[in-house]
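Peer 1:
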Amino acid sequence: MISKMVVENFKSYAGVREIGPFHKCFTSIVGPNGSGKSNNIDAMLFVFGKKAKKLRLNKMSELIHSSDAYTGANALQFARVGVHFHEIVDTGSGDEDYSVVPNSQCTVEREVVRGDPEMKVPDKSSYYLNGKVAKFSEVAKYLGDKGIDLDNNRFLILQGEVEMISMMPPKGKTPTDEGLLEYLEDIIGSNQYVEDADAAMKVVEALTETRQEKLNRVKAVEKEKDTLEGGKMEAENFMGKEKEFASYERRDIKMREDIKFSNAQVKQLANKARQGEKKEKELKDKAERAEKSVPTCEKNLGTAEESKLKEEKKLEEIYEEMKGTTAALRSSLESKNTELAPVKEELSVFQAALETAQTESNLLSDATTRSRQQLEDAETELENLDTFQADKEEELKEAKETLEESKTRLNEAEEEEEELASKEVELQKKHSTYVAKAEEAKAALQSGSTRSSAVRGILKAARSGELRNAGIKGRLGDLATISDKYDVAVSTACGMLDHIVCETTQGAQMALKFLRKHGLGRANFIPLDKMKRGSHDRVVETPEGAPRLFDLISPKDSSITPALFLGVGQTIVAPDLETATRWAYDFGKRWRVVTVGGQLIETSGTMAGGGKSVRKGGMNLSSGGGGSTDVADAGAEDAKELEDKANKAMMMYKECRKNRRDLAEEIHTLNKTIKTLTVKIPKLEMELAGVDTTRTELTKSIPELRAASTLSKEDEAKLKTLKAKVAKCEKDMKSTATLASKLEGEVSSLQKQIVDAGGAKLKKQQKAVDTAQKNLKDANSALNAAKVDIVTHTKNAAKAGEEARAAAGQMAEEEKKLADNAERLKELEGEAFKVHEAFEAAKEATEAKKSELDEAALELEELKRSVGKAKMAEVELQGRLSRHDQELKEHNGRVKFWRDEVGKLRDAEEADAEYDLSDDEDEEEEGEEEGDEGKEEGVEGGEGEKEGDEMSVDTEGEEKEKEKETKKKSKMSKIDPLPTFTEMALAQFVRRELKREIEELEKERDQLAKTANMTAIAEYRKKEADYLEKVAELDKITDERNEARMKWDELRRLRLEKFMDGFGQITLKLKEMYQMITLGGDAELELVDSLDPFSEGIVFSVRPPKKSWKNIANLSGGEKTLSSLA
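Be aware that the sequence shown starts at 422, since it is given in the numbering used here, and climbs by one per residue.
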């Protein structure tokens, strides 16, 4: 803090005065006028390095005390101010609660010594730090380290400076201006990053610019390669997707064939398993029934045996009774029965063996029968495969042909569509052009109705009539264009826009004759051959850099520039009448000024124009309106013709559009067909591949089925053995049956004899015995049959069960395989769907890229041809230029040579005649120049008149020209003609010229050998290396740019964080201080752009007590002071 100030001879204080001591709570100086407030503040400002102007003085010596007691010889010569500081430490919250830090006192002094104006000695100022001489920079650094900022003067607020805050804009408009943003940034200290951030930004911009240059170079080198590379990658992607799609198609067809085959196998095996199970069940039932019938058969057999024994016993009893009569017969019968019993037993054994052999033989034969059926089915399917394959091959062939035709037609249709699109655009442009021209012609006809018949007649005759060869350029307003903004200005300021511009005075005279001949009235002409050249090229300094009307006009032909300058002169264009008045009179020289609204101030001071009715349309406008174009001058017939052309173009446009729509539909249909066939063809190919697979499988299975339909050697031997056994059994049965039949016949005969001998009783008993024997035989046969059935059915049931279980196992395997195939097919369909989508997308992208590639290729070829033509033309032009330069040198040499020769041939009389002729010509030219000046003045005067009087054409000039030519011819006739050479003499000159040409050709050949570029091929091969090198440079500069950008972003981040931190604190303190000062008001600092505080700055909003929120600039004086003070 400042403890005291010591002043000596400073302002109002004479001698040494001590002001103080000061207190830590002493923050301001208040008092009435004249109380010395400024003396104290100025003393501080003086010590802290402020200059005289800041202290409201002209020079520092004015600070030295001067009063009546100190004048003349007693005048004081110096003034000194010392400010004493010491550091304090707060010990509490009270005003007196602080203590001074020991040995912390310091003194800063400044002294000014009066200079001597007579001796030209300036005032001298010195600084002292703790009694020692020091530089101001040392003082500023010392105080700055203590927290006193002398650069920004934050510690001392002067009277009037408080109110400056209320006048600050949100942000300085220029880098040197200070707004509220810069004011707060300076306090917060975030501006320490501004300089570094700006430097980093410049580095980033420079690196970005450098990188852009290198990137442009890389792109230029890469452009052609990338154009082809993109198409190549798209094509490769398309081919890859096509192969992948085809692979999925093959897998899909194979999977479907496998599923189809597995379904057939499952169905066949299921049928086989069902039949085996059914057969097993039936055989088991038969075996069970047979087993159940065995006890019954055994019981029946026992009953039959008992019945037989009983009946035989009765028969024996009868025989016993007849023993004497039938003893011999009975003995024979017993003998035959004894002989018959083993034969019957043997016959039964043979019968059982035969049945068993036949059953086993049938079982072996049934397996081969099934295999033979399967073999027949496989052979039939193999035969049908050939027909199926032939049909599919024919279908595939037709599909491929259709696809090829569709692709060819698609290319043709797309080319036709592109041609129609180009033609459509061209016809649309043509229609728009014709419509615009027709409208322009109508407007021109309408606006041209007020034009004089003389101008219309001359323009029409110049276009296709008598004045076709008169050199009529046209109406001046039609020969240039101007912006729409200056239409009224040029129409007002230039009264010569309806003048007819001619190439020569002779053409103007022809036009005058044409007017007189047809009685069309009067017209004004501007002959270009009489115009002054170069006057419009002079640089003119206009008031405040105002634009000249002449500079705003764009002539269609540079030859009419003098005529345009003649019409507008040095007229300048002003935005409004006030500016026009200032420019016209306030710059020393009088200027002719016209405003964009049509007010005209002449150099004489007269003012014209303006009002409701203004001139416009006098000159062609850059937007296409105004003036009187050639199309407009073509008349109503041309307008009608343009309308017809526009209608015809529209009809052609509509027809072209209809054809394009038809082609678009055809292209859509062709794309759809191609898409369908693209999917169908691989499917057909896969089906054909599946046919080959099926044929291979059938070809492989037929030998297996053929082998299965033929018994193995073991089975064949077993079947052979069984057949032999059957045959042997049948043979043995036949012989045994014959013997048994014979014995049974003999037994029957003996029994009959015995029965006949025994009478009715014996017959009856014999019949009962026969019945019992028959029953016994039947019971025995039933028992044997049951036992055979049990063995056979049990064996067959076991075999059928094994077959059914085997079929069921195979069916389970096939079902598992079928489920796996179905799952794989589902996954495959999912993958194939994705691939199909990718394939379609790739196809569409390929088509698009193909179109782009074709366009790029065509454009590239066109550019190559153009470049080649340009290079050829350049080479040709350079060659022609070289030849022409050489020829020019040769001709110059020849001209010089022949001039020298002609000079030698002419005699003195010729020289005298030439001398006389030149004298006459000089005199005539002088007179002619005077005449021309008069004529030119006449033209300018006539054209300067706003009413457009007819220009008088001086015909005397032509008579003088003819007279001069006559004199020249008469004098030249006196000169002797050049000598005529013979053919022999001329041949010498020809040989000389040929020799010279040969020498020149040899020089050209040597020059070409020196300049021919034989390294062009090698340079071309370096192109790729150059590209890679430029890419490396680009990568390097990109890394440097990114690094610089990171540094720049970091500095911006630090600046933003520090600023927002300080800004928040200041905002809170401001609100608190203002509320305390105003007892109820509110104040707030707000960011204009909350996203970027540094872009738009800061607004100071205040709500005085019992009032609404306002910007500080809209407050009253006292409110501004309180707000700024807070």
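We treat Cβ as the ideally placed atom computed from N, Cα and C, and that holds for glycine.
Taking three-plus beta-carbon pairs below 8 Å as touching, is the region 875 to 891 in contact with the region 1006 to 1015?
Peer 2: No, they do not touch.
Peer 1: Consult DSSP for ARG1245 and reduce its assignment to one of helix, strand or coil.
Peer 2: Helix at ARG1245.
Peer 1: Specify whether the region 1166 to 1176 and the region 754 to 762 touch according to this definition: at least 3 beta carbon pairs, one from each stretch, less than 8 Å apart.
Peer 2: In short, these stretches touch, since the Cβ pair count reaches three.
Peer 1: From what residue to what residue does the alpha helix (DSSP H) around HIS939 run?
Peer 2: Residues 926 to 939.
Peer 1: Do GLU701 and GLY1222 count as a contact pair if the criterion is CB distance below 7 Å?
Peer 2: Contact flag set, yes.
Peer 1: In chain order, what residues of the same chain lie with their CB nearer than 7 Å to the CB of GLY892, ignoring the 5 residues before and after it?
Peer 2: CYS923, GLU924, THR925 and GLY928.
Peer 1: What did DSSP end up calling LEU1042 once you bin it into helix, strand or coil?
Peer 2: LEU1042: strand per DSSP, three-state reduction.
Peer 1: Would you mind working out which of LEU1506, ASP1513 and LYS1528 sits nearest VAL1520, comparing C-alpha positions?
Peer 2: Out of LEU1506, ASP1513 and LYS1528, LEU1506 has the C-alpha closest to the C-alpha of VAL1520.
Peer 1: Using CA coordinates, which residue listed in ILE1458, ASP919 and LEU1098 is at the minimum distance from THR629?
Peer 2: Considering only alpha carbons, the answer is ILE1458.
Peer 1: Could you tell me the distance, in whole angstroms, from the CA atom of VAL1190 to the CA atom of ALA1158?
Peer 2: Approximately 22 Å, taken between the alpha carbons.
Peer 1: Note down the Cα distance separating MET1028 from THR982, rounded to an integer number of angstroms.
Peer 2: About 27 Å.
Peer 1: How long is the line joining the alpha carbons of LYS445 and VAL542, rounded to whole angstroms?
Peer 2: Approximately 42 Å between the Cα atoms of the pair.
Peer 1: So, helix, strand or coil for ALA901, using DSSP?
Peer 2: Three-state result, ALA901: strand.
Peer 1: With three or more beta-carbon pairs closer than 8 Å as the criterion, would you say the region 541 to 555 touches the region 514 to 521?
Peer 2: Contact fails: fewer than three Cβ-Cβ distances are below 8 Å.
Peer 1: Give me, in chain order, the residues of the same chain whose beta-carbon lies closer than 7 Å to that of SER488; leave out the 5 immediate sequence neighbours on both sides.
Peer 2: ALA435.
Peer 1: For a test of the three-state rule: what should DSSP assign to LYS1010, helix, strand or coil?
Peer 2: In the structure shown, LYS1010 sits in coil (DSSP, three-state: anything other than H, G, I, E or B).
Peer 1: Would GLY1518 and GLY600 qualify as a contact pair, given that the criterion is a beta-carbon distance under 7 Å?
Peer 2: Going by C-beta atoms, GLY1518 is nearer than 7 Å to GLY600.
Peer 1: DSSP state of VAL534, grouped into three classes?
Peer 2: It is a strand residue.
Peer 1: If we ignore side chains and look at the alpha-carbon of each, how far apart do GLU1364 and VAL876 end up?
Peer 2: Low per-residue confidence applies at GLU1364: pLDDT is 36, beneath 50, and the placement is therefore not dependable, though the value from the model is reported in the following sentence. GLU1364 and VAL876: Cα-Cα distance of roughly 15 Å.
Peer 1: Would you kindly report the start and end of the unbroken alpha helix (DSSP H) that includes LEU602?
Peer 2: Residues 601 to 609.
Peer 1: Where are the beta strand (DSSP E) runs, 3 residues long or more, that stay fully inside the region 1464 to 1493, in chain order?
Peer 2: Runs of the beta strand (DSSP E) inside the region 1464 to 1493: none found.
Peer 1: Closest to THR1120 by CA distance: which of PRO976, ARG1036 and ASP798 is it?
Peer 2: Closest option to THR1120, Cα to Cα, is ASP798.
Peer 1: So which of ASN805, GLN1020, LEU1491 and SER1516 has the shortest CA-CA distance to SER1522?
Peer 2: Nearest of ASN805, GLN1020, LEU1491 and SER1516 to SER1522, Cα basis: LEU1491.
Peer 1: On a Cα-Cα basis, can you pick out the residue from GLU616, THR823, ALA1145 and ALA778 that is closest to LYS1093?
Peer 2: The option with the nearest alpha carbon to LYS1093 is THR823.
Peer 1: Determine the DSSP secondary structure at ASN612, reduced to helix, strand or coil.
Peer 2: Looking at ASN612 - three-state DSSP - the assignment turns out to be coil, as it is neither helix nor strand.
Peer 1: Report the rounded CA-to-CA distance for VAL1035 versus PRO948, giving the unit in angstroms.
Peer 2: Going from the Cα of VAL1035 to the Cα of PRO948 covers about 29 Å.
Peer 1: Going by alpha carbons, who is nearest to ASP1456 out of VAL1015, LEU1536 and THR631?
Peer 2: Selected option, being the one with the closest Cα: THR631.
Peer 1: Straight-line CA distance for GLN1486 to TYR548?
Peer 2: Each residue's alpha carbon lies about 37 Å from the other.
Peer 1: Would you decide whether GLU727 is buried or exposed? Buried here means 16 or more other CB atoms lie within 10 Å of its CB.
Peer 2: It is exposed - the Cβ of GLU727 has fewer than 16 other Cβ atoms within 10 Å.
Peer 1: Does the region 1468 to 1488 come into contact with the region 550 to 566, if we say contact requires no fewer than three beta-carbon pairs (one atom in each stretch) closer than 8 Å?
Peer 2: No, the region 1468 to 1488 does not touch the region 550 to 566.
Peer 1: Would you please state the rounded distance, in angstroms, between the beta carbons of LYS1182 and ILE739? I believe it to be under 8 Å.
Peer 2: About 6 Å separates the two Cβ atoms, so the contact holds.
Peer 1: Where does LEU736 land, buried or exposed, given buried means 16+ other C-beta within 10 angstroms?
Peer 2: Counting Cβ neighbours within 10 Å, LEU736 comes out buried, since at least 16 surround it.
Peer 1: Since TYR491 sits in a beta bridge, which residues does DSSP pair it with?
Peer 2: Answer by DSSP bridge pairing: none, since TYR491 is not bridged.
Peer 1: By a C-beta neighbour count over all protein chains shown, 10 Å radius and 16 as the cutoff for buried, is ALA495 buried or exposed?
Peer 2: Position check: residue 495 holds Asn in this sequence, whereas Ala was assumed. By the neighbour-count rule (16 or more Cβ atoms within 10 Å), ASN495 is not buried but exposed.
Peer 1: Residues bridged to LEU1506 by DSSP?
Peer 2: According to DSSP, LEU1506 bridges with PHE1521.
Peer 1: Assuming ARG884 is part of the alpha helix (DSSP H), what are its boundary residues?
Peer 2: Residues 874 to 885.
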